[in-house]
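Residue numbers (my numbering), protein chains in the order written: chain A, 5 to 282; chain B, 302 to 420. Yeah, the Cβ is synthetic: ideal placement off N, Cα and C, and Gly gets one too. Owing to the predicted nature of the structure, the values given are computational and were not obtained by experimental measurement.
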Amino acid sequence: MKRLFTAAVVIALPLVMAGSAVASPADDSSAIRSYFSKKFPAVELNEFGNGVYAIDKVSRESWEAIEEFPPYETFVDAGEEMWNTAFANGKGYKDCFADGPGVAHKYPHWDKEKGMVMTLPLAINNCRKANGEKPLKYAKGSINDILSYMTYNSRGHKTNVVIPSDDPRAMAAYEEGKQFYFARRGQLNFSCASCHMQNSGNYIRSDILSPALGHTTGFPVYRSKWGTVGTLHRRFKGCNKQVRAKPFKPQGQEYRNLEYFLTYMSNGLELNGPSARK
Amino acid sequence: MSISKSTSLMRKTLLAAASVALLGTSQLALADENGKELAFTRKKGNCLACHMISGGSNAGTIGPALIDMKARFPKRDVLKAQIWDATVNNPESPMPPFGKHKILNDKELDAVVDFIWNL
């Protein structure tokens, strides 16, 4: 009986959000917040940035033990070296990111000039290309080093995604990301919301599904399953593939807009990456 | 088809027919095993991802436990329809449409339905 009751509550949010094409981003954000705070009343807002460990005491304990010797530390160090190593032309990341490495909280943002969502990995590669360096791959590899370093230096800053009202294309990008989140796809017919809203807190086999709120704050993430650090878009790909849907290109428009929507949902939550996950 | 192949096929068919006649119940148990395997394995039904089912481990909690199914589904067709496409009954159902999306073919679906119906 209890389960039936939970299921009924659970269904409410996706309907409210998905059905309301006219809802403003601020409405969406407060809907998602009140939904998860009702669902997990003991969890404080900022805690949601810890994913599944915010809602499951048992796995939290082993995670806390792991955090004592963080598996992403060597990646942060490697990234620091990248940051301090000059490109062939004598310039470096410093020259592109004048405010220093701790700027992850300024991404993703709407780039009016380019008419697109600008993410940190994209900005990193734009910097490299502008200086005659080869761009880095977007899912695996050393992009995760530089991202780990920059994110580490951004810890404590709050997520603060802005959807500028003076450019309707920004709102369109947000809406596209939101639609992506609620659209069922793949042979198995899941939306992101099926798992991370409707069923967050439930077990799927032996995994507990984490809440959508806070999903972006901890990236890049060291996953034991990967044995390395990976980007947010690598995770998107994995979640698409497991429902037998065709994954999209990391840093392609679909995933950038998805990131725009999903990160906006976490506005006000502190950045806490890189982080460690099962 | 070569003669030897067709005789061996015939022999198999005869054997199968004989075993159905002689071992009616254990044949049923075999079909059940097949349905169980299809229901449990991750590449096919993976019902355990969401449902507790007797005999399975690491079951998820997304859907209700599948027990006493004949009480819930006196009609096999109704059960089959739920597994064919759960979103007909509940548009918000996260349960994959196993028949409609050909996650299981007709034979596999029937085997799964038989197994579940007998739970």
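**Q.** Element boundaries [alpha helix (DSSP H), containing A/W67]
**A.** 61 to 72
Q: Let me know the secondary structure DSSP gives A/T10 once reduced to three states.
A: In this prediction, A/T10 has a pLDDT of 38, which is less than 50 and means its spatial position is unreliable; what the coordinates show is noted afterwards. Helix, per DSSP.
Q | Delimiting residues of the alpha helix (DSSP H) encompassing A/G83 | A | 77 to 88
Q.
Spatial neighbours of B/V389 within its chain, please: C-beta separation below 8 Å, excluding the five flanking residues on both sides.
A. A382
Q) In chain A, which residues lie less than 7 Å from B/T362 when you measure between Cβ atoms? A) N206, Y207
Q) Taking 8 Å as the CB-CB limit, is A/N244 close to chain B? A) no
Q: Quick one: residues in its chain with C-beta nearer than 7 Å to the C-beta of B/K403, no 5 flanking neighbours on either side, listed in chain order?
A: none
Q. In its own chain, which residues sit with a C-beta less than 6 Å from the C-beta of B/G357, not counting the 5 before and 5 after it?
A. F341, L349
Q.
Looking at chain A, is there any beta carbon in it that lies within less than 8 Å of the beta carbon of B/C351?
A. yes
Q) Are the C-beta of A/A12 and some C-beta of chain B separated by less than 8 Å? A) Here the model assigns A/A12 a pLDDT of 37, short of 50, so the residue's position is not dependable, and the following value carries that caveat. Output row for A/A12: interface = no.
Q.
With a threshold of 8 Å between beta-carbons, can B/N390 be considered close to chain A, or not?
A. no
Q) Whose Cβ in chain B lies nearer than 8 Å to the Cβ of A/F184? A) Residues of chain B passing the Cβ test: none, with the nearest at roughly 17 Å.
Q: Please report how far the alpha carbon of A/L217 lies from the alpha carbon of B/D333, in whole angstroms.
A: 42 Å
Q: Kindly indicate the opening and closing residues of the beta strand (DSSP E) around A/R281.
A: 279 to 281
**Q.** Spatial distance of A/P278 from B/D369 (CA atoms)
**A.** 47 Å
Q: Write down every uninterrupted run of the alpha helix (DSSP H) in the stretch 197 to 236 of chain A whose length is 4 residues or greater and which is fully enclosed by it, in chain order.
A: none
**Q.** Proximal chain B residues relative to A/F194, where beta-carbon distance stays under 9 Å
**A.** P395, P397
Q: Evaluate A/V62 with the Cβ neighbour count: other Cβ atoms within 10 Å of its Cβ, from every protein chain shown; 16 or more gives buried, anything less gives exposed.
A: exposed
Q: Would you check if there are 3 or more beta carbon pairs closer than 8 Å linking the stretch 25 to 36 of chain A to the stretch 259 to 278 of chain A?
A: yes
Q.
Under DSSP, the beta strand (DSSP E) around A/V121 begins and ends at which residues?
A. 120 to 122
Q. Roughly how many angstroms lie between the CA atoms of A/V225 and A/P74, to the nearest whole one?
A. 11 Å
Q) Which of the three DSSP states, helix, strand or coil, is assigned to A/D103? A) coil
Q. Any idea if B/K401 is buried or exposed, counting beta-carbon neighbours within 10 angstroms, 16 or more meaning buried?
A. exposed
(Q) Going by C-alpha to C-alpha distance, which of A/K182, A/Y153, A/R173 sits closest to A/A287? (A) Nothing can be reported for residue 287 of chain A: it is not among the residues displayed for chain A, which extend from 5 to 282.
Q: Go to B/D407, then tell me how far its alpha helix (DSSP H) extends in each direction, as first and last residue.
A: 407 to 418
Q: Pick helix, strand or coil for A/D170, following the three-state DSSP scheme.
A: coil
Q. Is the closest heavy atom of the ligand GDP to the C-beta of A/Y156 under 7 Å?
A. Summarising the ligand content, the structure contains no ligands, and the ligand GDP is consequently not present.
**Q.** Chain-ordered residues of the stretch 198 to 228 of chain A with a beta carbon less than 7 Å from chain B
**A.** S198, Q202, N203, N206, Y207, I208, R209, S210
Q: With DSSP as the reference, label B/F374 as helix, strand or coil.
A: coil
Q.
Please return the same chain residues whose Cβ sits closer than 8 Å to the Cβ of A/A134, not counting the five positions on each side in sequence.
A. C100
Q: Below 9 Å between beta carbons is the criterion; list the residues of the stretch 399 to 413 of chain B that meet it against any residue of chain A, in chain order.
A: K401, H402, K403, I404
**Q.** A/D32 - containing alpha helix (DSSP H), residue span
**A.** 29 to 43
Q: Could you tell me which chain A residues have their CB closer than 9 Å to the CB of B/N419, listed as they occur along the chain?
A: Within 9 Å Cβ-Cβ: nothing; B/N419 doesn't reach chain A, min ~23 Å.
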